[in-house]
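Right, one structure below, let's go through it.
Residue numbers (the numbering used here): 306 to 1107.
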């Protein structure tokens, strides 16, 4: 019996060993085959790219098509079969370039596309993932000078059964296609390999439809010096200046394979076309190889809207319909000129493309000078990810209507959007902020309302997080943003909308983080969360007085943080001059801010400002107006009599208030909302006087300016009164009371422009002078529709000072 058991056991063990051995052998064979294929591809790639160029004999004198083709064949013939395998890691950004290009196409069907230097056709397979080749393209032309690569492409297209894709073994400088012009032309890592790149780009100019798109992704290096004199045409400067070491190392490295990273190729591209979008980035997988993605169009395409953009930025009378006669003397003597208009005319005189802003689909963002040294203080980040002021009280005080043209400080844009969601929104809203990043944030919000469904808008700005942000940006949002804002969010967005989310960004995030840390150390976090869920005021008050208030106002927190001027400025954005207006005790000021709010209303349902600070997110029953279903519908669906939705009437200025006032037409603003920023001024300086005089010129008679202050009676109110304003407090905060849901300020004031008899007589004289010859906007624009008439257009615009 024992022997039988042993024999059985040995028999089973042998079977197990055999099965295991066979499995291991099969696995080794499989992985060895895979490994050998990868190793084989890498070895072929290294031979072709690094060793062969050093030992092969040089061809006869270069410069003609035959020798360029021979060079390509020498380089690609032995590696054509493994080209796609080895380039996946090296050639980054190809799909992103196609996504960006397709999102900007004016039409989505019956497209003609030319892919210049398309090689093996992998770019066309990438496109099929973005937009169906068989359904959306009338014809696709792959142009390449390498027969070996083209053979791979032909086999690829045959396998996909694409009868509308044509492979041309031809030079990029002189090929021809059956169609007269193309809707889309792309260079995908090919422009850097074309010796006669000027001719190739000129050929692309001749073949691109007037409304078409051209896109490039390629290696390239730039420095500050290569951008001089044309900064406004580039579409942004984020990551454009490549450090000296990387710039020279990669240029020399790639030249060994006849790939040229010099700036001349991109410079000529940016000269022959108008820049719509551009991205400058690195392939970090292989040691920070610099590459760029660029999308452009016919550079004369923006000619017909030059005047109108100037009007939209300045509230010029040219905003009237084109058939309305406009008084020429009024235009000549009184209409202001925007900075963008000045830049556009200067570029025309040099035959440069217009500033990138002029080629955008939307007209929200007003041109600004990216080299303004005042921007450096913000270090490429916004301060506020959300807005503190209470728009409900703004409307209660000012009673906005469609007769109003409003100027307000941008901040995070929440209040700007809240004004636009009103049943009778202002006819125009000018949002002003010196920090470009605050404008980028509001521009992102506007683009979302233009392109995204409500649920995605909620995820981004209600919850602060969303998956696949970059894909959403490329496919949906990019066409509705300026290139500068697009660059910013390509760089910052994936991080901002992941992890802790949008509301853990901006300079104010430090205050919120410290608050959470203090609650955690004091063991009050659970009570904070309970207060944000409270359903009665009594429950809320008990949690506040028994647990949260003792944690916030203990002596250590009071002395090290709340009473610390460095913390007030860096974390809360409160400068010294404003802190001095809070009275003898900053801690008492903060207590007077918070205590009454606990008695006023529930944080959980009627105070989204503090709910966000405590919880890091909004909820659908406690959020800004623009995030509600009603707000979304008003911002996206309800068109006015002129066919516009409320967001069409928003303009974003990136400048000081004084500069914006100086560029606006006199007496064009009915309401100006300047928040608390005059608290920042030195009482002994001239800033307040200069700003009040500037805003007075822009306000209509009876126009109102609303401000908030940390003082119950700010010192500059007397200055307003001395300069012709009637000033009255709309609300003054007394100890133990609140004036709005934020209660951050001690007072809110409304200053109304009043005019005496002398001012009325001056206005009458101006109106008499303006009577005379009239001219229509249509006639002015007609001078600019043909690029051949630009000289005449320049003279006309100069005489009218528009």
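Think of the CB as a built atom: it goes at the ideal place given N, C-alpha and C, for glycine as much as any other residue.
All of these numbers come straight from a predicted model, not from anything done at the bench.
Classify residue i as buried or exposed, calling it buried when 16 or more other Cβ atoms lie within 10 Å of its own Cβ.
i	result
residue 815	exposed
residue 842	exposed
residue 929	buried
residue 1041	exposed
residue 491	buried
residue 828	exposed
residue 785	buried
residue 996	buried
residue 590	exposed
residue 1031	exposed
residue 682	exposed
residue 434	exposed
Per DSSP, what are the beta-bridge partners of residue i in this structure?
i	result
residue 595	587
residue 547	Paired residue(s): none; residue 547 is not in a bridge.
residue 1034	1054
residue 713	736 and 978
residue 493	522
residue 899	In the DSSP output, where bridge partners are listed per residue, residue 899 has none listed.
residue 603	578
residue 298	The requested residue 298 does not occur in the structure, where the chain is confined to residues 306 to 1107.
residue 472	447
residue 765	According to DSSP, which records beta bridges pairwise, residue 765 is partnered with nothing at all.
residue 420	447 and 491
residue 821	BP columns for residue 821 are empty, so no partner.
residue 1014	1052
residue 1004	974
residue 442	416
residue 670	957
Taking 8 Å as the cut-off, decide whether the C-beta atoms of residue i and residue j are in contact.
i	j	result
residue 546	residue 529	yes
residue 645	residue 805	no
residue 746	residue 718	yes
residue 802	residue 824	no
residue 1050	residue 723	no
residue 421	residue 448	yes
residue 541	residue 847	no
residue 716	residue 680	no
residue 977	residue 986	no
residue 549	residue 571	no
residue 538	residue 658	yes
residue 1044	residue 1012	no
residue 970	residue 619	yes
residue 940	residue 951	yes
residue 916	residue 923	yes
residue 685	residue 642	no
residue 502	residue 573	yes
residue 767	residue 925	yes
Give the DSSP-derived three-state secondary structure of residue i in the structure shown.
i	result
residue 737	strand
residue 368	Here the model assigns residue 368 a pLDDT of 45, short of 50, so the residue's position is not dependable, and the following value carries that caveat. In the structure shown, residue 368 sits in coil (DSSP, three-state: anything other than H, G, I, E or B).
residue 1020	coil
residue 482	coil
residue 998	helix
residue 449	strand
residue 888	coil
residue 786	coil
residue 985	helix
residue 435	helix
residue 798	helix
residue 533	coil
residue 661	helix
residue 938	helix
residue 1049	coil
residue 956	strand
residue 461	helix
residue 924	strand
Following a CB-centred definition, is residue i positioned closer than 7 Å to any heavy atom of the ligand ATP?
i	result
residue 705	Questions concerning the ligand ATP fall outside what the structure shown contains, since it holds no ligand whatsoever.
Query raised in the report: Three or more beta-carbon pairs under 8 Å between the segment 727-736 and the segment 748-765, yes or no?
Result: Counting Cβ pairs under 8 Å, fewer than three are found: no touch.
Query raised in the report: Would you call the segment 741-755 and the segment 395-414 touching, i.e. three or more CB-CB distances under 8 Å?
Result: Contact fails: fewer than three Cβ-Cβ distances are below 8 Å.
Query raised in the report: Hey, is the segment 519-539 in contact with the segment 434-445, meaning 3+ C-beta pairs nearer than 8 Å?
Result: Too few Cβ pairs lie closer than 8 Å, so no.
Query - Touch test, the segment 818-832 against the segment 780-800, Cβ-Cβ under 8 Å, three pairs minimum - result: Per the Cβ contact rule, the segment 818-832 is not in contact with the segment 780-800 (fewer than 3 Cβ pairs under 8 Å).
Report task. State whether the segment 1016-1027 contacts the segment 669-685, with contact taken as three or more CB pairs (one from each stretch) at a distance under 8 Å. Result -> With fewer than three CB-CB distances shorter than 8 Å, the segment 1016-1027 does not count as touching the segment 669-685.
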